Every structure is written in C-alpha cells, then in structure tokens.
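Have a look at the structure below, then the notes.
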Amino acid sequence: MADNQKLRTPPKIYQYSIVSALMDGQTLHGIQLKDLVKQGDFGLGTFQLADGEMILVDGTAYHMRHDGSISVVEPTTYLPYAMVTFCRPTVTTSVSGMLKPNFQKHIEDITPTAKNYFLAIRLDGVFKKVQVRAVKGQDVPGAKVMETITKTQKIFNLENVEGTMIGFRSPACYQGITVAGYHLHFISKDRKAGGHCLDYEVQEGSAGITIIRSLDTELPDTDDFCKADLTLDHEGIVKAEGN
Ligand SMILES: [Zn+2]
C-alpha cells in the first residue's frame with residue numbers, strides 16, 4: 114500500500130470474537146498471534162482457557178500470568194479474544210498526579226466530540242500505584258469465565274513503577290461485543306510485571322489517544338461458538354472487568 118493511501122485510511126479496531134462469548138467460556142479456539150499482528154501493533158486480549166492476560170505493545174505481545182511471570186508470546190499461540198489496532202494518536206496530553214477517575218475524566222475532557230466513538234489509549238509514565246490482575250484460567254474447558262476469574266485471579270499491587278498502559282474505551286452500547294467503558298492492560302518498562310488494570314494512580318506521564326469510528330469483528334468459525342449462549346450479562350462483565 115502506498116504511504117499516501119495508508120494515511121487516508123481511517124483508523125480501525127480489529128477484534129477477534131466478542132466478550133459475551135468469552136463470558137460463556139468460549140476459550141478453546143482463537144486467532145493465532147501471527148495473524149492478529151497483521152491487524153494491529155497495539156492492543157489486548159487473553160489466551161486459551163483464559164490463562165492470563167495479553168498486552169500488545171509496539172508489535173510485541175506479552176503473556177502475563179497469574180504466577181507473576183511474563184513472557185513474549187509465540188507467533189503460533191491462539192488467542193480466543195483480542196482487540197487490536199494500529200495506534201496513531203491524534204490527541205496527546207501530559208498527565209500528572211491523577212487517580213483512575215481523574216484520568217478518565219481528563220480523557221473525556223480532551224475528546225469532547227468522541228463520547229460515542231471508540232478511543233485507543235496509551236499512557237507511558239511513572240505510576241504511584243497500579244493494581245493489576247491475571248487470571249489463572251479454566252480448570253474445565255467451557256467453564257463460565259466469570260467463575261474462572263473469581264476463583265483464579267491473582268491481584269498484584271505495584272508501586273512506583275514505570276510502564277505502559279494500553280487499551281480501549283468503548284461506547285456503552287457495545288457492552289457484550291467489547292467491554293463498555295475502559296479496558297486497559299499494563300506492563301512495566303522492565304517487562305517483569307503487569308496484567309489487566311483494576312486501579313491506578315499516575316504520577317507523571319504522557320498519553321496518546323486515537324479516536325476510532327470503525328470496529329471490525331471476526332466471529333469464531335467453530336461449533337462451540339454456534340452453540341454459545343450470548344445473552345448479555347451486563348453485571349457479570351462489569352464485575353469481571355473491574356470497571
Ligand atoms: Zn483485560
């Protein structure tokens with residue numbers, strides 16, 4: 114693709130499967146990382162059997178596990194749920210001394226016309242604290258992911274840590290397709306700690322925001338997906354994601 118064509122292409126999110134399928138326990142199949150990275154160099158997801166949290170930073174995917182270990186993901190690894198984009202921020206901002214609600218309010222304030230659009234968010238900086246979790250995963254394939262999270266998640270409280278937070282804010286009406294509101298993952302600069310963000314306090318950092326109006330969702334081509342119960346479980350998702 115010529116560079117000028119690339120520039121004219123509006124940013125798009127690619128998503129494999131939907132959150133409601135994940136909640137129903139659809140975690141056995143997925144997209145291989147080598148195919149996912151053709152759709153974006155920035156994003157998040159999970160692994161087969163919901164074993165851990167994935168963050169995709171500058172084209173490299175990391176597997177953040179419940180035992181605190183982190184490794185680079187192999188190209189042939191399957192991801193049953195992932196949301197990625199090519200992050201090309203159009204709005205940038207400096208952030209200092211902000212708790213999670215203040216940061217979210219700040220993002221809303223600097224993107225006043227984007228309330229009903231998607232935002233891809235990246236925040237690099239020093240955090241006073243970051244509370245992250247990583248799920249151990251299902252003992253039994255197909256187990257409801259809400260129960261899996263409650264039973265197996267391990268919470269880590271990181272303090273005075275430098276790192277990168279990456280994720281999306283989705284419009285409320287997309288609950289069940291994506292996670293409505295904010296869904297962010299964190300990895301430390303030394304790549305030794307991270308997970309799904311539950312809470313955080315930014316000391317100093319810079320954020321880049323991309324406003325996105327296009328979501329490309331690929332639904333799994335599996336018998337399990339055809340049989341899945343995709344009834345929206347709003348409260349379950351809010352609880353599972355810690356929003
Ligand atoms: Zn997550």
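Going by my numbering, the first residue of the sequence shown is number 114, and it counts up by one from there.
Where a beta carbon is used, it is the ideal one built from N, C-alpha and C, also for glycine.
Small disclaimer: the values here were computed from a predicted structure and weren't measured.
query: By DSSP, does C310 sit in helix, in strand, or in coil?; result: strand
query: In its own chain, which residues sit with a C-beta less than 6 Å from the C-beta of Y230, not counting the 5 before and 5 after it?; result: I324, R326
query: Any heavy atom of ligand 1 closer than 7 Å to the Cβ of H179?; result: no
query: Following a CB-centred definition, is H309 positioned closer than 7 Å to any heavy atom of ligand 1?; result: yes
query: Starting from the C-beta of L311, find all residues in its chain whose C-beta is less than 8 Å away, skip the five residues before and the five after it, and write them out in chain order.; result: Q244, V245, R246, I268, G355
query: Measuring only the C-alpha atoms, how far is I234 from R201?; result: 10 Å
query: Report the three-state DSSP secondary structure of K352 (helix, strand or coil).; result: helix
query: How many angstroms separate the CA atom of Q266 from the CA atom of I183?; result: 15 Å
query: How far does the alpha helix (DSSP H) with E187 in it extend, from its first residue to its last?; result: That residue, E187, is in no alpha helix (DSSP H); it is neither H nor E in DSSP.
query: If you follow the alpha helix (DSSP H) that V292 is part of, which residue opens it and which one closes it?; result: Unbroken run through V292: none, as it is neither H nor E.
query: Is it buried or exposed, H296, if we count other Cβ atoms within 10 angstroms and call 16 or more buried?; result: buried
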